[in-house]
Every structure is written in structure tokens, then in C-alpha cells.
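Structure first, then comments.
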Amino acid sequence: MNVRVRGIYATALTQALLDEGHEVVDASAPIRRRFDAEFGSEPPDARIATTGDRQGVGAHGDPDAVGPLRDLLTDAGLDALAWTDPTPPGTVLDGTVTETLGGGAVVRLRVGDDSDGDDSDGDATAEGYLPFGSVDDRVEAGDPVRVQVRESAAPWTDRRPELDGSLRAGGGLVALEPGSGTRVDVRNDEAARELSGMLDLLGLEPPEGWRAVWKPPAVDADTGELEAGLDRAVAAAEGLDAAVDAAGGVGVLDGGGLVREEPLTRPNAGVWVWFGRESRFGLDDRRRGATATMPGHHRVKAGSADASAGVDLAEALCEPEADAAFPFGVVADAFGPAEGDALRLEHGKPDGRLITLGEATVTAVDADGSVSVEREMTGGGTYDGLDVPREAGDVAETSLKEGRWWYPTTYRGRDGTVRGTYVNVCTPVEVFPDAARYVDLHVDVVKHSDGTVERVDDDELREAETAGDVPEPLAEKARSVASALENAL
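Heads up, the numbering used here is the position in the sequence shown plus 363, with the first residue counted as 1.
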């Protein structure tokens, strides 16, 4: 298949794709320099792009291509986790406006079975954001709407998929939207004029009722590719017309719930893949086969934009030693965290959600990757697993260590008395400049104030494994870590 790749993981993933016999198209200039390979300009069957927070990637495109890509991406390491995207770009859905914000509306969408991988339900929903500028009329809470996904969002982010009130078909070289005529969406004026002249010469006109919007990749396409691109867009537009005609009126409602359980059309599939620390180092090994790569290349780049630029500079100035240790102390000194900084505890869940446990104060940072943080607790409720009251003024002392599959938090009262210790089993901890991040693996070990040790939440791990959220090898690793902690405590 043909795949387009962009972002900080592009070199490693290009190597993996080529190793599996796939074609990489529309390659960036750095990729062309690093590989002794031919890169075509054909439209991609799927696109892989790094997420805005640099923690993973999204792969979207032809359903027959996305499935194999999911396997290729999760092969990066034991802690690479994947979730099906219920709202891949191009999907057309009926929904209901639930609230209006300053610049748009929140829409509840019926996305069918694919949002959670459980074919037994059929009532899955998702939220999307519809900018007011993308609809002809003002919408209010309770209004039914028909929308198309323009841009999706990873499940661990706080963004909603962006929706559009107008329908568009195709992509790649050319997209068709309601209207008439032809538009060349290319910033280079000279290239745009040349492409317009070529389109006129070839007589490539959109069908009646549609406007053709030609994209930048069309500039480098030959005559056959331009004609094929328009044919694909026309076929997609006809399919979209047929789906909308078959669906009838917009947003048929029944007691506030949508009757239609499936999208009108889902031309693309999608998957989101979160890379953990082991996965990033596995991708380092892939990248090292193509170009000089420092230890922890992807781990550092995932931390911040400044850190990413620093990696590029370091690798341009010197040849990194492949067997050198990850320089955590150097990275922390340059980009953080430092003693006194605020550090978020970003607690990932196996179903793709991300929960921030709070913001802690860094009390110590060591070059070996050990970082200690403290949080002052508010009163009310009890501590999970410990069954002791949480009192105002309690202090939570958390000891993080880069790369470790667990971390302990000890709760102390105002007088310093230990109220208990909770040891969280998780994917290898990463301590970025402003956040420590991992994915919780459910099973945990607690040590009560009287010294009693107890293992908890094995049932939740089994349920997550059965649901497919935690792959079997990762679940076995979590159980092994929990057993070792039980014996050690």
C-alpha cells in the first residue's frame, strides 16, 4: 500500500514501512535524503501523522490499509496501545446540538459500534465541535444537524473532532464540495497558474453541482494521475449523494435520542496509537538503520518543541554512540523538570482516556532518572485501596523513576505519620519537562499503615484484557510486576 508519513516518528516509521514492502509517497525532504529509495507522488491509501502533543500517531485512510498499519505501529513495543477512531475524517453523521459555546456548538454524534470495539452495543456516541462559520444558519441546543468530520482527535487529548455543516468528497489530489467551478488551493502563484492551465487543457471539470478544489500534491502529478484523482473524487461524491438520499431527512429524533445508529457514510477508517517509553526506544532502533540517532531520540522529542529542536541540533553536530545510555540528567538540566517546578501527573487509562491526577511540586531530581514530587491533599473521602480518611493537610509523596513499571505514593498526615502507601503498576514512567506520563494497568499493590500488604484490582485488569484494551503480553507483564512488588514489600 501507499502511505504518507509526517511528524517526529516519520523516519522510523518509513523504515518500518519499507521493511514490510510498502510504498512511502509524498515523502518530505529529510526522508528523501536519508533513504536510498524511490518515493512516488501517488495518492496515499493511508496517512500517518504525529499527534499535536507528540505522544503518538493517528493513521487514517482506506479501511483495508488501516488494519495492517495498526499492527505495524503497535509492533513498536510492548507499551504501544491502539484505539479505533470512531470519527475518521470524511465520516458523515447525524447528531444533536447539546450546547453552544462562543464560536460553535457541541454536537452529540451516534457513531455506531466502532467507537469501543464492542459489536454488542450499537449505541455508542461521541462529541464533536461544529464551528458556527461552517453552517448556514444559527444552531441552538436541541437542533438536529447533519455534519461531516473534518479533523478527528486522539482519545487522550482534551480536543473534540472538528465538524463541518457542508459535505465534501474525495481528497488527496482533489476534493469535491457543493458549488460550481474549480479552485486551485496552492500557495505558490506560479505553480497554481500552471496547474490551472493543465486542468483547462485536459478539460477536467467537476460534475454538475460540485466544485473541484485541487490540492498542492496535484502540482507534481502527471496527466494520468490528475484524471484518476478526479475520477476517484467523483466516485466518492456519487457514493456520498447516494448515502444522503438513502438516509432521508436530517437528524431523525425519537425522544431526544437518535434513531439512526450508524454513520451515513464512513469512507475512511482510523486508529490512534499511543507510544510508551519502550516503544519510543524501539522506534529509535528503527531510525538508527537510516540515520544517526541519539539514545532516547523519540523520548526527548516527545517532551517539548524546544527539546525536539535540541535533538536535531545535537545529531547534526556529532555522531551519537548507539550503545550510550539515555542522558536523563542532561535532558532534565536543559529542559526540566527542576526542583521547585510544578509537574502534572498524567494518568493514562487503557481505554484511551487521560486523567490528570493533579499538579505536584518537584522536591528532587537525580541524573539516574529519579524524580520526587509532593502534593498537599484536600480533605474528604478516603484513599483508594487504603480505606483511610483523606484529611486536609495530608501530604502525598510520590517517587517517580524514568523507565520503571511502577511508582509508589506514600500518604502522610500533618504530623508525619504514614497513613499508607499505594504502588501503581503502569507502563514505563516518562518524566517530561511539565508532566510525568504513563498508562495505568489497573492491578496495584498497597501497604497499609500496620504493614499489611494487599494486591488490588486484578479483576479490572482481567476485564480490560477481555475488552481488548490491554494486550495479553502487556497484561502478563503487569501481573509479573505486581507479584514482584508483593514479595518485595
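C-beta atoms are modelled at their ideal positions from N, C-alpha and C, and glycine is treated no differently.
Values in this document were obtained by computation on a predicted structure and should not be read as measured data.
| query | result |
| --- | --- |
| Span of the alpha helix (DSSP H), counted from its first residue to its last, around Glu553 | 552 to 565 |
| Limits of the alpha helix (DSSP H) - the one that Ala670 falls within | 668 to 680 |
| Integer Cβ distance of Pro579 from Ser404, believed to fall under 8 Å | In fact, because the Cβ distance is near 11 Å, the residues do not count as touching under 8 Å. |
| Span of the alpha helix (DSSP H) around Val429 | 426 to 437 |
| Cβ neighbour criterion (16 or more within 10 Å) applied to Pro541 | exposed |
| CA-to-CA distance, Pro407 to Leu564, given in whole angstroms | 26 Å |
| Segment limits, alpha helix (DSSP H) that includes Val582 | Segment: none, Val582 is in no alpha helix (DSSP H) and carries neither H nor E. |
| Nearest-angstrom Cα separation, counted from Ala665 out to Val694 | 12 Å |
| For Asp647, the three-state DSSP class (helix, strand or coil) | helix |
| Ser404 (DSSP reduced to helix, strand or coil) | coil |
| Nearest-angstrom beta carbon gap, Ile394 and Thr374 [assumed within contact, 8 Å] | 7 Å |
| Where Glu828 falls, given that 16 or more other Cβ within 10 Å makes a residue buried | buried |
| Exposure of Ala838, with buried meaning 16 or more beta-carbon neighbours within 10 Å | buried |
| Inter-residue Cα distance where the pair is Gly566 and Pro626 | 35 Å |
| CA-to-CA distance, Gly505 to Leu456, given in whole angstroms | 16 Å |
| Per DSSP, the bridge partner or partners of Thr724 | Ala705, Glu737 |
| For Thr784, the nearest candidate out of Asp757, Val792, Tyr774 (CA to CA) | Tyr774 |
| Span of the alpha helix (DSSP H) around Asn850 | 835 to 851 |
| Inter-residue spacing [alpha-carbon to alpha-carbon] between Val366 and Asp389 | 8 Å |
| Identity of the residues DSSP links to Lys664 by a beta bridge | DSSP output for Lys664 lists no bridge partner at all. |
| Reduced DSSP category for Pro771 - H, G, I as helix; E, B as strand; rest coil | strand |
| Beta-carbon proximity check, Gly711 vs Trp637, cutoff 9 Å | yes |
| Nonlocal neighbours in the same chain, by C-beta distance under 8 Å from Ala685, ignoring five residues either side | Arg651, Thr656, Pro658 |
| Range covered by the beta strand (DSSP E) that runs through Ala409 | 409 to 413 |
| Distance between Val537 and Arg574 (C-alpha atoms, nearest Å) | 10 Å |
| Own chain, CB closer than 8 Å to Leu381, minus 5 neighbours either side, in chain order | Val387, Phe398, Ala400 |
| Exposure label - Ser515; buried when at least 16 CB within 10 Å | buried |
| 6 Å Cβ shell around Gly618 - same chain, five flanking residues per side excluded | For Gly618, the pLDDT reaches just 38, beneath the cut-off of 50, and the residue's location in the model is therefore unreliable, leaving the point undetermined. |
| Cα-Cα separation, Asp427 to Lys810 | 49 Å |
| Environment of Gln378 [buried if 16+ CB atoms lie within 10 Å] | buried |
| Secondary structure of Ser762, DSSP reduced to three states | strand |
| Between the CA atoms of Gly703 and Val786 - distance to the nearest angstrom | 24 Å |
| Reference Phe644; option with closest CA among Glu793, Asp803, Leu708, Gly475 | Glu793 |
| Three-state secondary structure (DSSP) of Asp803 | strand |
| Cβ contact (3+ pairs, closer than 8 Å) linking the segment 788 to 802 and the segment 840 to 851 | yes |
| Leu380 - DSSP class collapsed to helix/strand/coil | helix |
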